[in-house]
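Enquirer: If you scroll down you'll find the structure; I have some questions about it.
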């Protein structure tokens, strides 16, 4: 799907059901640009910009999931950073908010943080960045607040 096709679908749904409260794209790298290019980085840049335009037109957030580059696999610290967004710096530039999920147990078998996920706010145009720890219930693919006992041990 191209951003133009997405925009047309959202317009049609808006006429039938009212303005959207949220538009979700899973995931950005599966889209193609409305203007074909030979360079994938340029294409992702165009897609990112077009999604930003869609958000403005419909006055609602667009959440676009993105793949990460494999470069983070080569680093000792596997926590993702903004530069790890795959195929374009434009994603980082266009986004108002960038959020990553990191689970240490995925990379370190003996991790003391089993069942813990870090929500990393890598960018927030109108607020602070930082990390928040949550309980991750893998059986249900669910996140919850950590028990107070967890913080007492830290």
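Residue numbers (the working numbering): 19 to 172. Glycine included, each C-beta is placed from N, C-alpha and C at the ideal position.
Could you give the DSSP three-state label for residue 160: helix, strand or coil?
Expert: strand
Enquirer: State the beta-bridge partners of residue 134 as determined by DSSP.
Expert: 153
Enquirer: Report yes or no: do three or more beta-carbon pairs, one from the region 121-133 and one from the region 76-84, lie closer than 8 Å?
Expert: no
Enquirer: Buried or exposed for residue 158, going by 16 or more other Cβ atoms inside 10 Å?
Expert: exposed
Enquirer: Nearest by alpha-carbon distance to residue 19: which of 51, 32 and 122 is it?
Expert: 51
Enquirer: Per DSSP, residue 141 forms a beta bridge with which residues?
Expert: According to the DSSP secondary-structure assignment, residue 141 is paired through a beta bridge with 116.
Enquirer: Please go through the same chain and pick out, in chain order, the residues whose beta-carbon is closer than 6 Å to the beta-carbon of residue 174, but skip the five residues on each side of it.
Expert: Past the boundaries of the shown model lies residue 174; the chain is included only from 19 to 172, so the question cannot be answered.
Enquirer: In chain order, what residues of the same chain lie with their CB nearer than 6 Å to the CB of residue 134, ignoring the 5 residues before and after it?
Expert: 151
Enquirer: Would you identify the three-state DSSP class for residue 53, choosing helix, strand or coil?
Expert: coil
Enquirer: Are the CB atoms of residue 78 and residue 39 within a distance shorter than 9 Å?
Expert: yes
Enquirer: Between which two residues does the alpha helix (DSSP H) carrying residue 62 extend?
Expert: Unbroken alpha helix (DSSP H) run through residue 62: 58-76.
Enquirer: Can at least three beta-carbon pairs, one atom from the region 105-116 and one from the region 55-73, be found at a separation below 8 Å?
Expert: yes
Enquirer: Buried or exposed: which applies to residue 43, given that a residue is buried once 16 or more other Cβ atoms fall within 10 Å of its Cβ?
Expert: buried
Enquirer: If distances are taken between C-alpha atoms only, which option among 46, 70 and 97 comes closest to residue 123?
Expert: 97
Enquirer: Alpha carbon to alpha carbon, how far is residue 155 from residue 56?
Expert: 42 Å
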